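Asker:
In the UniProt record's numbering, the protein residues as written are 1 to 234.
#1: Leaving out five residues before and five after residue 128 in sequence, what residues of the same chain have Cβ atoms less than 7 Å from its Cβ?
#2: Span of the alpha helix (DSSP H) holding residue 207?
#3: What are the boundary residues of the alpha helix (DSSP H) that includes residue 77?
#4: Taking all protein chains shown into account, do 16 or more other C-beta atoms lie within 10 angstroms of the C-beta of residue 184, making it buried, or fewer, making it exposed?
#5: For residue 102, which of 87, 123 and 55 has the nearest alpha-carbon?
#6: At the level of alpha carbons, what is the spacing between residue 45 and residue 64?
#7: Take residue 168 and list the residues in its own chain whose beta-carbon comes closer than 7 Å to its own, dropping the five residues that flank it on each side.
#8: Is it right to say residue 26 is buried, meaning 16 or more other beta carbons lie within 10 angstroms of its own, or is it exposed?
#9: How is the alpha helix (DSSP H) around residue 99 delimited, first residue to last?
#10: Since residue 140 sits in a beta bridge, which residues does DSSP pair it with?
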């Protein structure tokens with residue numbers, strides 16, 4: 001009996017099996033798939049004119065084929081693409097969030113802070129891809145192990161408040177021996193502002209009075225960081 005189904009290059013089912021994202025994932029492994037193909041698996045189906053892979057490629061092209069930029073989009077942003085509804089947009093962003101949280105599972109013995117790079121790695125799960133500013137504090141024990149990481153300020157695109165009293169209240173309640181300050185600049189700007197410098201000195205002075213030293217203040221961006229201690233401003 002003749003198969004009357006017409007060949008449709010837009011339909012994944014009409015592709016060679018080894019070229020279909022799910023089959024390719026199973027046979028060749030996850031690393032064999034492009035970012036667009038992985039996203040196509042998440043969204044499942046395309047539109048009348050575009051396959052799921054085509055839709056995924058359009059989405060990736062819109063963010064310069066940069067996964068970090070994709071992670072910064074909102075559900076509303078993704079729904080602007082034809083073929084992406086609420087459920088598919090949420091699925092994509094949920095998968096990206098899981099990927100970010102994976103790096104948050106760090107063995108305790110690896111959480112000792114020895115340099116500014118350790119601080120940057122510690123904060124990636126919390127601050128990577130954030131579109132607004134946040135202020136965080138790392139609480140350390142006498143051996144410089146992180147005992148707690150806490151958000152102490154949430155702001156907008158160009159600033160975030162930080163309550164000095166709340167920072168040290170948190171540190172005292174958790175018996176911290178020292179603290180490290182971290183806030184992000186979504187703009188990518190690595191040069192501290194005058195306000196950053198003033199706040200840093202204010203918190204350092206409070207730490208001296210309480211015998212709770214501030215070891216560093218880091219400005220975090222997706223592409224790198226600025227450490228007050230490394231810059232010898234401490």
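Even for Gly, the Cβ is constructed at its ideal location relative to N, Cα and C.
As the structure is a computational prediction, the values presented were derived from the model and not from experiment.
Answerer: Taking the structure as given:
#1: On the chain shown, position 128 is the one that residue 128 refers to. Excluding positions up to five away in sequence, the list reads 100 and 222.
#2: Translated into positions along the chain shown, residue 207 becomes position 207. Taken as a continuous stretch (DSSP letters only), the alpha helix (DSSP H) holding residue 207 covers 194 to 210.
#3: Residue mapping note: residue 77 aligns to position 77 of the chain shown, counting from 1. That run of the alpha helix (DSSP H) goes 75 to 78.
#4: Taking the chain shown and counting its residues from 1, one reaches residue 184 at position 184. Classification of residue 184: buried, given that the 10 Å Cβ count is 16 or more.
#5: For the purposes of this step, residue 102 is taken as residue 102 along the chain shown, with counting starting at 1. Ranking the options by Cα distance to residue 102, first place goes to 123.
#6: Within the chain shown, numbered from 1, the residue matching residue 45 stands at position 45. Within the chain shown, numbered from 1, the residue matching residue 64 stands at position 64. Using only the alpha carbons, I get a separation of about 22 Å.
#7: Numbered from 1 along the chain shown, position 168 holds the residue referred to as residue 168. Cβ neighbours of residue 168 beyond the five flanking positions: 206, 210 and 212.
#8: Numbered from its first residue, the chain shown carries residue 26 at position 26. Residue 26 is exposed by the Cβ-count criterion.
#9: For the purposes of this step, residue 99 is taken as residue 99 along the chain shown, with counting starting at 1. Run containing residue 99: 86 to 102, per the alpha helix (DSSP H) assignment.
#10: Your numbering for residue 140 matches position 140 in the chain shown. In DSSP, residue 140 forms a bridge with 146 and 178.
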